[in-house]
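Chemist:
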Amino acid sequence: MWFRSSEKIRLSNRCELLEEENRELVIHQQNLQTKMEKIQHDMNHTINVLLKKSIIVHEGQLGEKSYYITCHKEQYEEFLKMYGLVSFKNSFPPDSVIRKNVECNLSEKLIFHSIYMDNTRMGRCTIAYDARANNICICELETLKNKNKGIGTKMLQYIINFAKKVEVRTITGSARPLDSSTTYDRLLMFYKKNGFVIDDNLMSNFKMELFSDNDKVDDKKIKK
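Residues in the sequence shown are numbered consecutively from 8, following this note's numbering.
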């Protein structure tokens with residue numbers, strides 16, 4: 008009788024302990040669910056805020072994580088207007104009076120870009136589209152977090168593909184370190200690895216030839 012009573016007490020205590028562990032697990036699960044809902048809410052809020060002033064121009068995958076690149080909405084709209092003028096100009100012969108008049112109205116347009124991952128801004132890039140010179144200049148390209156993880160490469164690849172779609176002749180720029188942890192040599196190597204040539208070592212200028220005026224581009228035109 009004593010053994011049975013002792014075993015009953017032991018089993019009862021064990022059941023109470025399991026019930027307590029189960030309650031803790033339920034609370035932990037509820038906390039995780041609340042945390043995930045907050046993360047999703049914050050992400051949706053960030054995206055909605057971005058879409059008011061920016062547009063998403065590219066989405067991709069870096070390892071196991073997704074990323075997206077945005078650009079300033081008004082600047083992009085201004086660029087599209089300028090790109091439309093270039094397309095209109097190119098529809099006329101080189102010696103056309105209309106073509107020459109349109110060329111007088113061509114100018115340079117800046118477009119600011121940012122790259123986001125895990126609801127966090129990871130990098131930025133500014134390019135200048137020179138409609139008259141048919142060139143895109145990389146004014147700045149900086150990884151803000153997780154350096155040397157491929158984020159800068161993803162931004163640069165986007166710029167190269169963008170330049171091909173709008174059929175510019177060249178992409179140019181100058182390698183200028185934006186913080187003390189980056190050297191000129193490392194920056195130049197970064198651009199060389201991605202297909203650029205260094206055309207002025209003293210000034211750290213880089214360049215990529217894309218098309219000549221006589222080349223035909225098979226890639227899709229940029230969507231307006």
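The C-beta atom is built at its ideal place from N, Cα and C for all residues, glycine as well.
Counting only runs that start and end within the region 111-138, where is the beta strand (DSSP E) found for 3 or more residues in a row?
Modeler: 115-124, 127-137
Chemist: Give a yes or no on contact between the region 151-158 and the region 169-180, applying the rule of three or more CB pairs nearer than 8 Å.
Modeler: The region 151-158 vs the region 169-180: no contact.
Chemist: From the DSSP secondary-structure annotation, give me the bridge partner or partners of V204.
Modeler: Reading the sequence shown from its first residue, position 197 is the one you call residue 204. According to DSSP, which records beta bridges pairwise, V204 is partnered with K214.
Chemist: How should D186 be labelled, buried or exposed, when 16 other C-beta atoms within 10 angstroms of its C-beta is the threshold for buried?
Modeler: On the sequence shown, residue 186 is found 179 positions in, with the first residue counted as 1. Burial call: exposed.
Chemist: Give me the Cα-Cα distance between I178 and Y136, rounded to the nearest whole angstrom.
Modeler: Reading the sequence shown from its first residue, position 171 is the one you call residue 178. Reading the sequence shown from its first residue, position 129 is the one you call residue 136. Just so you know, the alpha carbons of I178 and Y136 end up roughly 9 Å apart.
Chemist: Inspect the CB distances between the region 191-208 and the region 94-106 and report whether three or more fall short of 8 Å.
Modeler: no
Chemist: Would you kindly check if the distance between the Cβ of M124 and the Cβ of L163 is under 8 Å?
Modeler: Walking along the sequence shown from the start, residue 163 turns up at place 156. Walking along the sequence shown from the start, residue 124 turns up at place 117. Cβ distance not < 8 Å, so L163 and M124 don't count as in contact.
Chemist: So for N153, helix, strand or coil by DSSP?
Modeler: Locating residue 153 in the sequence shown gives position 146, where the first residue counts as 1. Coil at N153, not helix or strand.
Chemist: Under 8 Å: do the region 89-99 and the region 72-79 share three or more Cβ pairs, one atom per stretch?
Modeler: no
Chemist: On the DSSP letters alone, give me the boundaries of the alpha helix (DSSP H) that S94 sits inside.
Modeler: The count along the sequence shown starts at 1 and reaches residue 94 at position 87. Element bounds for S94: 80-97.
Chemist: Identify which residue in G202, C132, D192, I16 has its Cα closest to the Cα of L209.
Modeler: Position 202 of the sequence shown holds residue 209. Taking only the C-alpha atoms, the option nearest L209 is D192.
Chemist: Could you check whether the region 78-95 touches the region 23-34, counting it as contact only if at least three pairs of C-beta atoms, one from each stretch, sit closer than 8 Å?
Modeler: no
Chemist: Name the one or two DSSP bridge partners that K72 has.
Modeler: Looking up residue 72 in the sequence shown gives position 65. Answer is L69, bridged to K72.
Chemist: Please report the straight-line C-alpha distance between F203 and L148, rounded to a whole angstrom.
Modeler: For the purposes of this step, residue 203 is taken as the residue at position 196 of the sequence shown. For the purposes of this step, residue 148 is taken as the residue at position 141 of the sequence shown. Straight across, the Cα-Cα distance linking F203 with L148 is about 15 Å.
Chemist: Following the continuous alpha helix (DSSP H) through T160, name the residue where it begins and the one where it ends.
Modeler: Taking the sequence shown and counting its residues from 1, one reaches residue 160 at position 153. Counting along the chain, the alpha helix (DSSP H) containing T160 begins and ends at 158-172.
Chemist: Whose C-beta lies closer than 6 Å to the C-beta of I63 among residues of the same chain, with five residues either side of it excluded?
Modeler: Within the sequence shown, residue 63 is the residue found at index 56, counting from 1. Contacts found: Y75, T77.
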